[in-house]
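Whatever position you read off the sequence shown (first residue = 1), add 3 for this note's numbering.
Backbone N, C-alpha and C define an ideal beta-carbon position, used for all residues, glycine too.
Notes follow once the structure below has been shown.
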Amino acid sequence: MAKEEILEKLKLSITEMDTDLAIATANEALAEGLDPLECIDQGLSAGMAIMSDLFDEGEAFVPELLMSSEAFDAAVKVLTGGLTDEEKKNASAGSALIHTVQGDIHDIGKNIVRTLFEANNFTVYDLGRDVPVETVVAKAREHKVDLILGSALMTTTMPSQRDIVNILTEEGIRDEFIVMFGGAPVSQDWVDQIGADGYADTATEAVVLAKELLRKKKEG
Ligand code: B12
């Protein structure tokens, strides 16, 4: 089968939320000698981008995203099976730590953000909700993540986001992380004011921005 056809079928397996098709096509791609990273990028991720758009337009919902994400993960596992650890690391879009801030138990938005990051091939460590600021910083250090993602749904809990940035600065590790915040009361103004790196209104925009910030950071 031609390369284009296989990439198209990988894309379709994600939009059709078909794990069996995703696995079978990933095996086919390997048998044909295709580049696994190209298959992830131009086949699977292209399908996930379509799902993200459908989600934004209200045409797809969290259960559908989860099913697509499952198909995505299964195919990635097949495609990266023969890669070295270094190659696998390169195949991942990056790593992120996600949480809802201290004092805040709203986690619906956070879970959507996590799902979309996972679906877009990020390794995500979810600390849950009502997470002390010190824990966020300690875990970010421990996992050496690229991104710290924080959600706050109340004006009263937003200041914890500023505390996180301040602790990172005090500990001299601010530059090691890209820090992004979101949640209904959070805004670009707030994020600028506290010295974080990014804000996004929706989970889809958050993924796009994260990829852009990561690319810029890698380019120096
Ligand atoms: C559902 C809900 C609850 C549920 C939460 C269930 C759960 N597991 O999350 C329950 C009933 C438990 C609850 C409790 C409370 N709630 Co409430 N709750 C809401 C409600 C109605 C919806 C929130 C929601 O889930 N939205 C849907 C999600 C999908 O949207 P989202 O979180 O904004 O996420 C999107 C974006 O913001 C973005 N995003 C989210 N996170 C991130 C992170 C990053 C890094 C990025 C880039 C983007 C991003 O992407 C998401 C998807 O696109 C809001 C009202 C509202 N309009 O926001 C009130 C609201 C947030 N709650 C409020 C309050 C006051 C409370 C309580 C204190 C009530 C009480 N007196 O007990 C308690 C909180 C206790 C606590 N300590 O946290 C107030 C907050 C007011 C304030 N001070 O700012 C609100 C605004 C209601 C109101 N108008 O008064 N609540």
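Check: Can the beta-carbon of I115 be found closer than 8 angstroms to that of V189?; Outcome: no
Check: By how many angstroms is the C-alpha of R117 removed from the C-alpha of I151?; Outcome: 12 angstroms
Check: I think A122 touches M51, with their Cβ atoms under 8 angstroms apart; what is that distance to the nearest whole Å?; Outcome: 5 angstroms
Check: Beta carbon of P188: closer than 7 angstroms to some heavy atom of the ligand B12?; Outcome: yes
Check: Per DSSP, what are the beta-bridge partners of A52 in this structure?; Outcome: According to DSSP, A52 bridges with nothing at all.
Check: What are the residues that DSSP puts in a beta bridge with M183?; Outcome: L152 and G201
Check: Here's a check: name, in chain order, each residue in its chain whose Cβ is nearer than 8 angstroms to the Cβ of G106, leaving out the five neighbours to either side.; Outcome: D133, M157, T159, T160 and S163
Check: Taking T28 and K12 to be in contact with their CB atoms under 8 angstroms, please state how far apart those CB atoms are, rounded to whole angstroms.; Outcome: 5 angstroms
Check: At a cut-off of 7 angstroms, would you count T118 as near the ligand B12, judging by its Cβ distance to the nearest heavy atom?; Outcome: no
Check: Of the residues F58, D59, E73 and V79, which one's Cα is nearest the Cα of Q45?; Outcome: V79
Check: For my contact list, I176 and D200 are in at a C-beta cut-off of 8 angstroms; report their separation, rounded to the angstrom.; Outcome: Rounded, the Cβ-Cβ distance is 14 angstroms, inconsistent with contact.
Check: Measure the alpha-carbon distance for L40 versus I108 and round it to whole angstroms.; Outcome: 38 angstroms
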